[in-house]
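Below is one structure; the comments refer to it alone.
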Amino acid sequence: MKVCIKLLGELRQYLPECGKFNQCKLNIPTGSTLQKILSQLKVPDDQDFIVLLNGDLMQKQEYASIIPGSGDEIIIFSPIKGG
Amino acid sequence: MSWQRLILRVNLTTQNCHVEPLNMEWAQQYLGQRGLGSKYLLEEMNPAADALSAENKLIFATGPLTGTMASTGGRYSVITKGALTGAIACSNSGGKFGAELKLAGYDLLIIEGQSSRPVYLSIENEKVELCDASHLWGKTVWDTEVLLSAVDPQLKIASIGPAGENLCRFACVVNDRHRAAGRSGVGAVMGSKKLKAIAVRGTRGLHCNDNSHACNEIFQSINIRLTKRQGYRRNGTLAMMDITNSFGSLPTRNNQQVQFERASEINVEAMQTRNRNGHTNLVTNAACFACTIGCGRICKIDPAHFSIKDKTQYHGASGGLEYETAYALGAACGVADIDAATYAGFLCNEYGMDPISLGGTIAAAMEMYETGILSDTDTAGIKLEFGSAEALCEITELTAKGKGFGQQIAMGSKLLTKKYGCPELSMSVKGQEFAAYDGRSMQGMGLAYATSNRGACHLRADPYGHDFKSTGTGGKAEVVKTSQDEVAFIDSTGLCLFTGGSGWSISDYCELVNTVCEGVWNEQRVFETGERIWNLERQFNLQAGLSKKDDTLPGRILEEPAKSGVGRGLVNKLGEMLPEYYRLRGWDQDGRPLQETLKRLGL
Ligand code: SF4
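Protein chains in written order, with the working numbering: chain A, 9 to 91; chain B, 1056 to 1658.
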């Protein structure tokens, strides 16, 4: 199945090759957890990031248990300061 | 050491300029720039005085790292009583002007009194002169820079435009064409003093410490730590637009919504993608003095765009949209036209206006127009509808020039809405318009706005990371208080706050300050100094007549739940956070610092 991944701001550099600008449709096995999907992206381990699933804020401890569905939107960004 | 240990004092009433020693005891307590400038302001003026009177002072303050090769070491601040807020104002700017002032030999420039005729201040190291500015009065910032540079192309210039001369409440001071001490109306204070510009040439150099070679090596080794994160250089601060829009904290149409359905037309992608005329908005990035980050955007408006097609003077590249400008002249007004927002931003730089307060006030006026409070007669026919790029451009031009309904916009949203009997439509704190974050999904930012000493501001605390991880109120008071102290310290060094988001930590700031300043600057002293500065600013405001009642948010944020985003259904719970915040600050229930707090901080 496919999910829509958006990597915002400086995380855009870790977008898989199939993507355009900051988003891509990622093919994943049905039943994959959020954790599994995130691990497919090349965001470095020491990078602090935030995940929204269909507009809802996900907590880190939920990553291993949440299973996104087909067509779901996963937005990932790391906090920056504005100006 | 990197304080020059000198103050230049200019009295505009008597037209007298003289140099005096810097109070080094205060420098040890307040470091420089924001802290030291605020100390001088509180010591020297009555905070209850009118901001536009001769009694107000205008202080240009550098920090001990301004003018050094520490990355971003070119910052200066303008400290005064704000014309927009009646509170202490401290507006920070980059570019090259601050470093030049420091290299001319001065830590602080204190301007007092009021001139009876337009003047500009010429500084060439020790040669200081007040000169007639009648030929410059009425000129834009850009024309003023051209005219003064004709005398000496090496001059660095800070000036006001017609907005400052006309006492527009949110007029700013602009230097190097598009860098500005933007907020709180510091440009109106300069205008009230009839001081058009300050033109500086500084070649006296700096004595960093006893071993300048070792000093530069330390700077280099610390500067390199900023290469870890490249986001600001690649995307500018505009990268925040997609984040807040996804999160539901992008104030839209005067905070009626928290997500803008057309944000993709004014975001980084829109700035970097070719439009149908083959034109990209972004030309290149830019950096302030000594900065290795380079977050600035240099942009070009599509020459075929309605705003400039007959105005060739705007066909070149100039300072483009930052996130705050794109929010205020875009989402806040419901405008999804990147060229129109860029044009309005150019006018802000050219005429000397704060784009955040301008956009916030236009947004309030648009809501007043759409709800029938303002009529076509009031606006002289301008259809001030949300989403109208034409109305945005037209009203920006009128405000810049002090004409027509623009004169009403120039009052700022607080006075404008009060005049028409709808103060609830002003999205401001202490009279200063909101920055680009909604305080409902970002509870900490709401508290930061409410308690900021200069009125609503996104750069007086750093609750971003905490807010994006949790929409509850737990821990917010602590995060806001601690980061307010940290930011107050960084704002006093001469460095840019964005170094914090690019890889530097407290220990890096300590190492840098220790390299150029006497004394031992460790983490504990960083927070203690910041806390001292925060409490000093609070004292100024209390003496100016502000109180707990001013530490609040508009009813819309406290009572109308957000309609979408991560914070849908939420209001800001300021009432839960504020008592805890006061307690952590060592203040009483009315927000007054306790005696023991003042004593502990040596105030
Ligand atoms: S990070 Fe941006 S604002 Fe800060 S000094 Fe560098 S270019 Fe200027």
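Virtual Cβ for every residue (Gly too), placed ideally from N, Cα, C.
### Query
Tell me which same chain residues have a C-beta within less than 6 Å of the C-beta of B:Arg1089, skipping the five on either side of it?
Cβ contact annotation for B:Arg1089 (same chain, cutoff 6 Å, sequence separation greater than five): Ser1132, Cys1145, Asp1546, Ser1547, in chain order.
### Query
Going by the CB atoms, is the gap between B:Leu1061 and B:Tyr1161 shorter than 9 Å?
yes
#### Entry: chain A contact for B:His1268 (CB, 9 Å cutoff)
no
### Task
Give the secondary structure of B:Thr1454 by DSSP, where H, G and I count as helix, E and B as strand, and everything else as coil.
helix
### Task
State the DSSP-derived secondary structure class of B:Asn1066, mapped to helix, strand or coil.
Strand, per DSSP.
### Query
Counting only beta-carbon atoms, is B:Thr1127 nearer than 9 Å to chain A?
no
### Backbone secondary structure at A:Met66 - three-state DSSP
When DSSP states are grouped into helix, strand and coil, A:Met66 belongs to the strand group.
### Query
Does ligand 1 have even one heavy atom less than 8 Å from the beta-carbon of B:Ala1341?
yes
### Message
Check this for me: beta carbons of B:Leu1250 and B:Pro1173, under 9 Å apart or not?
### Response
yes
### Message
Just to confirm, is the Cβ distance from B:Ser1093 to B:Ile1134 under 9 Å?
### Response
Yes; because the gap between Cβ atoms is below 9 Å, this pair is in contact.
### Query
CB B:Glu1099 to CB B:Ile1143, shorter than 9 Å?
Cβ atoms of B:Glu1099 and B:Ile1143: not closer than 9 Å.
### Message
Closer than 8 Å to a non-hydrogen atom of ligand 1 - does that hold for the CB of B:Arg1289?
### Response
no
### Query
Would DSSP call B:Leu1250 helix, strand or coil?
strand
### Query
Which residue's Cα is closest to the Cα of B:Gln1233: B:Gln1311, B:Ser1126, B:Leu1376, B:Val1323?
Per the sequence shown, the amino acid found at residue 1233 of chain B is His instead of Gln. Closest option to B:His1233, Cα to Cα, is B:Leu1376.
#### Entry: Check whether B:Gly1219 and B:Thr1140 have beta carbons under 9 Å apart
no
### Same chain only: Cβ atoms within 6 Å of B:Ser1468, ignoring 5 sequence neighbours per side
Gly1415, Thr1416, Ala1419, Ser1481, Ser1483, Glu1488
### Message
I want to know whether the stretch 1146–1160 of chain B touches the stretch 1258–1268 of chain B - three or more CB-CB distances under 8 Å.
### Response
yes
### Message
If you measure between the beta carbons of B:Thr1127 and B:Cys1551, is that distance less than 9 Å?
### Response
Yes. Within cutoff.
### C-beta neighbour in chain A for B:Phe1302, strict 9 Å
Proximity of B:Phe1302 to chain A, defined by a Cβ-Cβ separation below 9 Å, is satisfied.
### Query
Can you find a CB in chain A that lies within less than 9 Å of the CB of B:Phe1315?
no
#### Entry: Three-state secondary structure (DSSP) of B:Asp1645
coil
### Task
Please look up how many angstroms separate the CB atoms of B:Lys1603 and B:Asp1645, rounded, as I've assumed it's under 8 Å.
5 Å
### Query
So what's B:Gly1574 in DSSP terms, helix, strand or just coil?
The DSSP-derived three-state label of B:Gly1574 is coil.
### Extent of the continuous alpha helix (DSSP H) to which B:Leu1471 belongs
1468–1474
### Query
Helix, strand or coil: how does DSSP classify B:Gln1327 here?
helix
### Message
Using beta carbons (cut-off 9 Å, strictly below), is B:Ser1619 in contact with chain A?
### Response
yes
### Query
Is the shortest distance between the beta-carbon of A:Lys89 and the beta-carbons of chain B less than 9 Å?
It does: the Cβ of A:Lys89 has a partner Cβ on chain B nearer than 9 Å.
### Task
Measure from the alpha carbon of B:Lys1628 to the alpha carbon of each residue in B:Leu1597, B:Asp1493, B:Tyr1424, B:Arg1317, then state which is nearest.
Nearest C-alpha to B:Lys1628: B:Asp1493.
### Query
Any idea what DSSP makes of B:Asp1522, helix, strand or coil?
helix
#### Entry: Proximal residues to B:Leu1649 (C-beta, below 7 Å), its chain only, five neighbours per side dropped
Around B:Leu1649: Gly1641, Trp1642, Asp1643.
### Message
Can you find the residues in the same chain that come closer than 8 Å, C-beta to C-beta, to B:Gly1624, ignoring five residues on each side of it along the sequence?
### Response
Pro1616, Ala1617
### Query
In three-state terms, what does DSSP make of B:Val1535?
helix
### Task
Tell me whether B:Lys1628 sits in a helix, a strand or coil according to DSSP, three-state version.
coil
### Query
Given a limit of 9 Å on CB to CB distance, which residues of the stretch 12–35 of chain A reach chain B?
Lys14, Leu16, Gly17, Glu18, Leu19, Arg20, Gln21, Phe29, Asn30
### Query
In terms of residue numbering, what span does the beta strand (DSSP E) encompassing B:Tyr1175 cover?
1174–1179
#### Entry: Touching by the beta-carbon criterion (3+ pairs, under 8 Å), the stretch 1506–1523 of chain B and the stretch 1566–1581 of chain B
no
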